[in-house]
Amino acid sequence: MTKVLIVDDDTTGVETLSNVLEIKGYRVDAAYGGMEALEKIGRTNFDFVLLDLKLPDINGVETFRKIKKVKDGLKVVIMTAYSLPHLIQEARKEGALAILTKPLNIDELLSLLK
1 MTKVLIVDDD TTGVETLSNV LEIKGYRVDA AYGGMEALEK IGRTNFDFVL
51 LDLKLPDING VETFRKIKKV KDGLKVVIMT AYSLPHLIQE ARKEGALAIL
101 TKPLNIDELL SLLK
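Start counting the sequence shown at 1; every next residue gets the next number (the UniProt record's numbering).
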């Protein structure tokens, strides 16, 4: 079963996305900040990380850089509700699998997770 970690400080959004992914057969965990995500990634072998760019402790790009040090090759999809061109560009440069705009297109997300 494919394991997905959702990293976002929007608890309602995380809950909704978790429910959708679980219905579709994914195993889902959540982290509400970058440091919590790094702790979970260090303990669990996830297949994908859905990572928000704007987090309360460290931004998504910095979290992504740290993820690569802990689990190089882990597939990371960046999510953002904000127009943050410099961070989006950095995320692309770091090797994000995709950058999706919120609200997410679930069909697009599911096609990435296959």
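The C-beta atom is built at its ideal place from N, Cα and C for all residues, glycine as well. If you're wondering where the values come from, they're calculated on a predicted model, not measured in any experiment.
Environment of residue i [buried if 16+ CB atoms lie within 10 Å]
| i | result |
| --- | --- |
| Thr12 | exposed |
| Asn105 | exposed |
| Ile67 | buried |
| Gly25 | exposed |
Assigned secondary structure, residue i (DSSP; H/G/I helix, E/B strand, else coil)
| i | result |
| --- | --- |
| Thr44 | coil |
C-beta contact flag for residue i and residue j at 8 Å
| i | j | result |
| --- | --- | --- |
| Arg27 | Thr2 | yes |
| Leu51 | Val77 | yes |
| Phe46 | Leu17 | no |
| Leu53 | Leu84 | yes |
| Ala31 | Gly60 | no |
| Gly34 | Thr63 | yes |
| Leu55 | Asp9 | yes |
Same chain only: Cβ atoms within 6 Å of residue i, ignoring 5 sequence neighbours per side
| i | result |
| --- | --- |
| Lys71 | Ile41 |
| Ala98 | Val77, Leu112 |
| Ala81 | Lys102 |
| Glu22 | Val28 |
Other residues of its chain near residue i: CB distance less than 8 Å, five sequence neighbours each side excluded
| i | result |
| --- | --- |
| Ile88 | Leu53, Ile78, Thr80, Ile99 |
| Ile58 | Gly33, Gly34, Met35, Lys66 |
Which complete alpha helix (DSSP H) runs does the UniProt domain "Response regulatory" (3-114) hold, if anything under 4 residues is left out? 11-23, 34-43, 60-70, 85-94, 106-112
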